[in-house]
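Before any comments, here is the structure.
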Amino acid sequence: MEELLNELKEKFSSVIIEIQEKDYPTLICKRSGFLDLMKYLKEEKGFKYLIDLCGVDYLDYKYKNFEERFEVVYHLYNLDTKILLRLKVRIPEKDCWQYSVTPLWETANWFERECYDMFGINFKGHPNLKRILMPDDWEGHPLRKDYPVYLEEEQEWKTYKELKEKVKQQS
């Protein structure tokens with residue numbers, strides 16, 4: 005494992021900001037050059053399995069030691085060596101996008117759509133980036149820390165109203 009991490013740090017020194025080794029080896033990466041690193045991990049190092057990809061919102065997180073609000077976290081697995089690798093890319097709130105890894109791992113398709121839907125992080129190069137969990141006309145992104153969790157007054161979902169009217173007219 006140490007050999008792999010040293011090789012990656014040397015080969016991708018302009019991409020990898022830091023390597024953490026707590027529970028799993030974790031590479032903190034810059035967005036720039038990240039796709040090259042991911043392609044290398046898959047094609048040259050055998051990390052053919054993308055286990056997961058998710059977003060994290062660090063708004064008001066008191067232990068944060070970086071300025072970006074969001075992170076996209078990737079978990080890759082090498083089935084031959086049984087190595088699990090975590091990669092994190094920090095995403096600024098005002099420039100909220102990341103490169104899509106869907107061209108490398110098709111499984112990223114729905115993961116990236118979920119991350120977009122819940123956090124509002126755009127994925128450049130995604131073949132069909134649209135909501136996957138929330139209705140198309142939903143406003144906001146429910147897993148953002150500043151998303152309103154409750155309302156002062158009850159509001160009916162506008163599309164539901166339209167559906168109800170349509171059903172009423174057909175009766």
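Residue numbers (the numbering used here): 5 to 175. Virtual Cβ for every residue (Gly too), placed ideally from N, Cα, C. If you're wondering where the values come from, they're calculated on a predicted model, not measured in any experiment.
Query raised in the report: How about Y62 and E75: are their beta carbons less than 8 Å apart?
Result: In contact: Y62 and E75 (Cβ atoms closer than 8 Å).
Requested in this report: Output the boundary residues of the alpha helix (DSSP H) element that contains L41.
Outcome: Counted as a single uninterrupted DSSP element, the alpha helix (DSSP H) harbouring L41 occupies residues F38 to E47.
**Report entry** Proximity winner among E156, R90 and E169, relative to Q24 (alpha-carbon distances)
**Finding:** Restricting attention to E156, R90 and E169, the CA atom closest to the CA of Q24 is found in R90.
Report task. State yes or no: is the C-beta of K134 within less than 8 Å of the C-beta of R148? Result -> In this structure, R148 does not lie closer than 8 Å to K134 by Cβ.
Requested in this report: Could you check which residue in L54, S36, E157 and L88 has the C-alpha nearest to that of E6?
Outcome: Of L54, S36, E157 and L88, the smallest CA-CA separation from E6 is found for L88.
Query raised in the report: Does the region 24-43 come close enough to the region 92-110 to have 3 or more Cβ pairs within less than 8 Å?
Result: With a cut-off of 8 Å, the region 92-110 and the region 24-43 count as touching, because enough Cβ pairs lie within range.
Query raised in the report: Of all the options F38, P107 and N82, which has the alpha carbon lying nearest to the alpha carbon of N132?
Result: The candidate whose alpha carbon is nearest that of N132 is P107.
Requested in this report: Can you tell me which of the three DSSP states C119 falls into?
Outcome: Note: C119 maps to helix in three-state DSSP.
**Report entry** T85 versus K170 - alpha carbon distance
**Finding:** If you take the alpha carbons of T85 and K170, they lie about 57 Å apart.
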